[in-house]
Amino acid sequence: MEYFKPKPDYVILVDDCIATNFLHQLTIMSSGHHSEILAFETVHEGMEFLESKFSQQKDSSILLFLDINMPGLNGWDFLAECKNDGFDPENLVIIILTAAAMNKDDENLLLENPFVKGILPKPLDVDMIENIWANNFSGSFQAQIK
Amino acid sequence: MKEEIFKTIFEFNPDPIIVFNAIGEIVLINQQGKILFGYKEAELKGKRIDFLMPAELVPIQSAMRFNYVQMPDHRTMGRDFEILAKDKEGRKFHVEIALSPLPNHNDGLFIASIRDISVREETHRNLENRNSKLQQRIKEIENNTFLASHELQEPIRTIKSLSNLLEDNQINKLDAQSKTCLRFLNESSHRMNLLVKGLLDYNRTGINPVANEIEIPKVLDEVKEDLNFLVEETGANIISDRLPQIYGFETEIRALLQNLISNSIKFRKKETSPRIRISANKETHHWHFTIKDNGIGIPDRYQDKIFEMFYRLHPRSQYDGCGIGLAKCKKVVELHNGRIWVDSLEGHGSTFHFTISKN
Chain A
57 MEYFKPKPDY VILVDDCIAT NFLHQLTIMS SGHHSEILAF ETVHEGMEFL ESKFSQQKDS
117 SILLFLDINM PGLNGWDFLA ECKNDGFDPE NLVIIILTAA AMNKDDENLL LENPFVKGIL
177 PKPLDVDMIE NIWANNFSGS FQAQIK
Chain B
10 MKEEIFKTIF EFNPDPIIVF NAIGEIVLIN QQGKILFGYK EAELKGKRID FLMPAELVPI
70 QSAMRFNYVQ MPDHRTMGRD FEILAKDKEG RKFHVEIALS PLPNHNDGLF IASIRDISVR
130 EETHRNLENR NSKLQQRIKE IENNTFLASH ELQEPIRTIK SLSNLLEDNQ INKLDAQSKT
190 CLRFLNESSH RMNLLVKGLL DYNRTGINPV ANEIEIPKVL DEVKEDLNFL VEETGANIIS
250 DRLPQIYGFE TEIRALLQNL ISNSIKFRKK ETSPRIRISA NKETHHWHFT IKDNGIGIPD
310 RYQDKIFEMF YRLHPRSQYD GCGIGLAKCK KVVELHNGRI WVDSLEGHGS TFHFTISKN
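Order-wise, the sequence lines are chains A and B. This note's numbering numbers the first residue of the first sequence as 57 and each following residue consecutively. This note's numbering numbers the first residue of the second sequence as 10 and each following residue consecutively.
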């Protein structure tokens, strides 16, 4: 039997585009998921939240959608910071979001990262959300509401 | 001793050499000559030079030789004599010939130095072929980009019009979330519109430009006029030192100055009026321009990245933009065989530098 983490306490969106964050919030909500959803527009704000959450409660479970191409500090910088801060990949599941085509080398490099559990094209849809839940957390949402 | 030297030079010259007499008989042929044409010395003895040409060309080419023999002079390689030769196997190939009469020789002896240029010609043909294919491909891409940009604008305008219609007529019937959706719909289609226009403009930059003498002070005045609203609104102070007349593409140079100056205004510090100073220095091969501002500056690690297409340094909520402006500036500068870079300290303003070739 495969081990599944419990549902995430928080779903975090890190994307500089407000419209995308708004759309993703609606999409995640409409997939019936009730974790708290928070959106940040910069790497800095997102990191600040993670640092304070994990320092308050070491075993918080967080699912984070990370836009890889952001102005200034980008998704790569964010992943580097997560490693520097010594976060636990057991508690932090990161799904990379991309708008542009990504080259194979970058893709492989991302998938080797212990936090990264998937790479998806923007924008997210309900099926993608379902898949992420099914693959990373204790059953799909449908299973939870039964 | 001397004779030995000359004999060696003759035999081991990298080009084939044939010595022939007034009626075109081969008198002597060197090592490379025998290799090129594939004959042994004995096979060529007493044969005419015509023997080494395709039969159909013998009348023309021997007439050329006849003319030469009447009035011999020194002809260097590649001048006048480019003819078709034939080897023992029947392979025909182009050769260049340098000719020289042997001085003080009553019977009339002539030296022909021969160079097989078939490989060179083949390479040349291939290059030309590839070049014309490339040109065609570039034209096609340019054309497709142009068409795509126009095609894309139509659905974007439709989305915009429809969402405007919704906003005008139905806004009171919408709940807060739908209103937000509508607002983002409007903003996204507006951004898409700007992106497509920017991309179109970038791709058209430098297509068939016409070079002229450009009065930079005059162009700068026009740019300031265009930016008038922004200048007034922000209280920007734009000063310039003595600026030159340069040779270049006026539309492109105007866009370059406009982009850099409007950037200097856009990335100003809060509560500080932008101060911008434009100068130019004459260097050996280039004009070196600088545009210095008192804005927010650019951290070290991004100073190269900012010139990349679609690269943006700030979230859209802080500074709007498509990430095309500086990429276009780079394209314009490179069109003028110049270079663009920035000197900056975060929080202490930026100085953009670019060079424009004097010719």
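Note that beta-carbon positions come from the ideal geometry of N, C-alpha and C, so glycine has one too.
Only residues of its own chain outside the window of five on either side were considered, and among them I225, A289, K291 and W296 have a CB closer than 8 Å to the CB of P253 of chain B, listed in chain order.
When the beta-carbon positions are compared, V219 of chain B and F258 of chain B come within less than 8 Å of each other.
Closer than 8 Å to the CB of L322 of chain B there is at least one CB belonging to chain A.
Straight-line spacing of the CA atoms in K301 of chain B and H357 of chain B works out to 11 Å. Listed in chain order, the beta strand (DSSP E) runs fully inside the stretch 246-317 of chain B are 246-249, 254-258, 284-291 and 295-302, counting runs of at least 3 residues.
The stretch 311-319 of chain B and the stretch 79-88 of chain A do not touch, with fewer than 3 CB-CB distances between them shorter than 8 Å. In terms of Cα proximity to H199 of chain B, the closest of B:D184, B:Q186 and B:R166 is B:R166. For F75 of chain B, the number of other beta carbons within 10 angstroms of its own is below 16, and it is reported as exposed.
Not one beta carbon of chain B lies nearer than 8 Å to the beta carbon of A95 of chain A. For G128 of chain A, the chain B residues whose Cβ falls inside 9 Å of its Cβ are P308, Y311, R321, L322, H323 and P324, in order along the chain.
Taking a contact to require three or more Cβ pairs closer than 8 Å, the stretch 181-191 of chain A and the stretch 155-164 of chain A do not qualify as touching. Contact of F316 of chain B with chain A is not assigned, every C-beta pair being separated by 8 Å or more. Chain B places no beta carbon closer than 8 Å to that of F121 of chain A, leaving this residue out of the contacts. A distance below 8 Å separates the beta carbons of E97 of chain A and I74 of chain A.
For A190 of chain A, the secondary structure class from DSSP, reduced to helix, strand or coil, is helix. In the structure shown, V219 of chain B adopts coil according to DSSP, grouped into three states. In terms of beta-carbon proximity, T83 of chain A stays away from the interface with chain B, with every pair separated by 8 Å or more. Excluding sequence positions up to five before and after E163 of chain A, its CB lies within less than 8 Å of the CB of I175, all in the same chain and listed in chain order. In the structure shown, the three-state DSSP call for E97 of chain A is coil.
Between the alpha carbons of I255 of chain B and E130 of chain B lies a gap of roughly 41 Å. According to DSSP, R100 of chain B shares a beta bridge with no other residue. Nearest Cα to L45 of chain B within the set B:I216, B:R57, B:R124 and B:F29: B:R124.
Residues of the stretch 66-78 of chain A with a Cβ closer than 8 Å to any Cβ of chain B, in chain order: D72, C73, I74, A75 and F78.
Rounded to whole angstroms, the gap between the alpha carbons of S282 of chain B and I124 of chain A is 35 Å.
For K142 of chain B, the secondary structure class from DSSP, reduced to helix, strand or coil, is helix. DSSP, reduced to helix, strand and coil, places R348 of chain B outside both helices and strands of the structure shown, so it counts as coil. For S122 of chain B, the pairing in a beta bridge is given by DSSP as B:I26 and B:A107. With at least 16 other beta carbons inside 10 angstroms of its own, N272 of chain B counts as buried.
Beta-bridge partners of R57 of chain B (DSSP): B:E34.
Neighbourhood of E196 of chain B in chain A, by CB distance below 7 Å: A75, in chain order. Look at the stretch 191-218 of chain B: the residues with a C-beta under 9 Å from a C-beta of chain A are R192, F193, L194, E196, S197 and R200. Residue range S359 to S366 is occupied by the beta strand (DSSP E) that includes H362 of chain B. Here T214 of chain B carries a coil assignment [DSSP, helix/strand/coil].
For a cut-off of 8 Å, the C-beta gap from I58 of chain B to I27 of chain B is around 7 Å, short enough to register as a contact.
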